[in-house]
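Visitor: Numbering (our numbering), first residue to last: 2 to 127.
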């Protein structure tokens, strides 16, 4: 768990707690930071703070994807995969990733604690 200082008390966040806050807080800005045929990275800002949405397609990464993911990791202060709050596989195409038959959507938060989270394995898309 991560301890965050507050004026009145310390708050301990879990990955589930961060995800609940992300889902309940209105988005103030949504900015696309990187796009390729196999990877999309979006930066999202809300009144709760900033986080990232990463869409990774099921095909091989483009050569430029590795530096983009390294840049994301650098901005998070650690490997981006260590900051995954939720990962959700989608077994269908997306107009954002050309040529991919499926993709995984990751919610990445810089304050994600180091704890094991169960993977979601059911795509409940329409």
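Cβ atoms here follow ideal geometry from the backbone N, Cα and C, with glycine treated the same way.
Express the C-alpha separation of residue 49 and residue 78 in angstroms, rounding to a whole number.
Guide: As a position in the chain shown, residue 78 is number 77, starting the count at 1. As a position in the chain shown, residue 49 is number 48, starting the count at 1. C-alpha separation (whole angstroms): 19 angstroms.
Visitor: Does DSSP put residue 57 in a helix, a strand or coil?
Guide: Numbered from its first residue, the chain shown carries residue 57 at position 56. Strand, per DSSP.
Visitor: Fully enclosed by the stretch 29 to 97, which beta strand (DSSP E) runs are 3 residues long or longer?
Guide: 40 to 47, 50 to 58 and 85 to 91
Visitor: Do residue 40 and residue 66 have their beta-carbon atoms positioned less than 8 angstroms apart in this structure?
Guide: Along the chain shown, read from residue 1 onward, the residue named residue 66 stands at position 65. Along the chain shown, read from residue 1 onward, the residue named residue 40 stands at position 39. A contact, by the Cβ cut-off of 8 angstroms.
Visitor: To the nearest angstrom, how far is it from the Cα of residue 26 to the Cα of residue 102?
Guide: Translated into the one-based positions of the chain shown, residue 26 becomes position 25. Translated into the one-based positions of the chain shown, residue 102 becomes position 101. Spanning the two alpha carbons is a distance of roughly 31 angstroms.
Visitor: Is it the case that the CB of residue 57 approaches a heavy atom of the ligand PLP more closely than 7 angstroms?
Guide: The model on display carries no ligand, and the ligand PLP is accordingly not part of it.
Visitor: For residue 58, is the classification buried or exposed, using 16 other Cβ atoms within 10 angstroms of its Cβ as the cut-off for buried?
Guide: Position 57 of the chain shown, counting from 1, holds the residue named residue 58. By the neighbour-count rule (16 or more Cβ atoms within 10 Å), residue 58 is buried.
Visitor: Bridge partners of residue 105, per DSSP?
Guide: Position 104 of the chain shown holds residue 105. In the DSSP assignment, the residues bridged to residue 105 are 57 and 90.
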